[in-house]
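Residue numbering for the sequence shown is 1 to 172, as defined by UniProt numbering.
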Amino acid sequence: MEKRSRAEYRRNSRNVSKVPYEYGSAVRQLNIAEPLKTPDESQQTQKEINREIRRQRQKQIRRNNKINLMYTVAVASVAAVVFFICYQYLNVQAAAKTNSDMIAELKSELSTLKENNDVLESDINASIDYDAIYDTAVNELGMVYPEKKQVITYDSKESEYVKQYKDVPESN
């Protein structure tokens with residue numbers, strides 16, 4: 001075997017393809033170039049593609065706007081309902097507070113009236129002279145104590161006051 005010189009080796013290696021050799025069946029597939037189109041055809045197809053992309057974007061924007069509008073209306077409706085419920089709740093609370101204050105005021109007034117009534121009743125009872133009434137009834141009017149068979153007792157649960165609508169008939 002003959003030794004090659006460096007120059008000869010370089011010369012021969014330049015002619016060899018720069019693509020490395022593929023061993024086995026894993027050969028690369030060839031990429032087939034698309035057929036050449038005239039500039040008019042490629043511009044038209046590109047314009048159509050751009051137009052279609054714009055149409056699809058506009059459809060998507062309209063769809064999104066419609067969804068956003070429905071979402072906004074739903075949120076506004078829920079907010080209005082919540083506001084109305086809160087308003088009604090505050091009205092009920094205010095009415096309850098007013099009624100509570102009114103009840104406390106009326107209880108205080110009732111207590112004052114009961115105290116005044118008790119004071120007036122004790123003044124009336126203190127001013128009655130029972131001896132003078134007895135003396136007038138027996139001596140001037142001729143009243144006597146009733147017999148046992150003349151007394152009728154009954155229990156009244158309604159009131160301690162009696163109203164007289166007619167004169168009591170006299171017995172002969």
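Virtual Cβ for every residue (Gly too), placed ideally from N, Cα, C.
Check                                                                                                                                                      : Outcome
Can you name the start and end residues of the alpha helix (DSSP H) that A132 belongs to?                                                                  : 130-135
On the three-state DSSP scale, how would you describe D167?                                                                                                : coil
Quick one: which unbroken alpha helix (DSSP H) runs of 4-plus residues sit fully inside the segment 37-84? Chain order, please.                            : none
What did DSSP end up calling N116 once you bin it into helix, strand or coil?                                                                              : helix
Quick one: what's got a C-beta closer than 8 Å to L141's C-beta in the same chain, skipping five residues either side?                                     : none
Would you tell me roughly how many angstroms separate the C-alpha atoms of V119 and I133, rounded to the nearest one?                                      : 23 Å
Within its chain, find whatever has a CB closer than 8 Å to the CB of residue 181; leave out the 5 residues flanking it on each side and keep chain order. : A query on residue 181 cannot be resolved here, the shown segment of the chain reaching from 1 to 172 and no further.
Could you check the C-alpha separation between T136 and D129 for me, to the nearest Å?                                                                     : 11 Å
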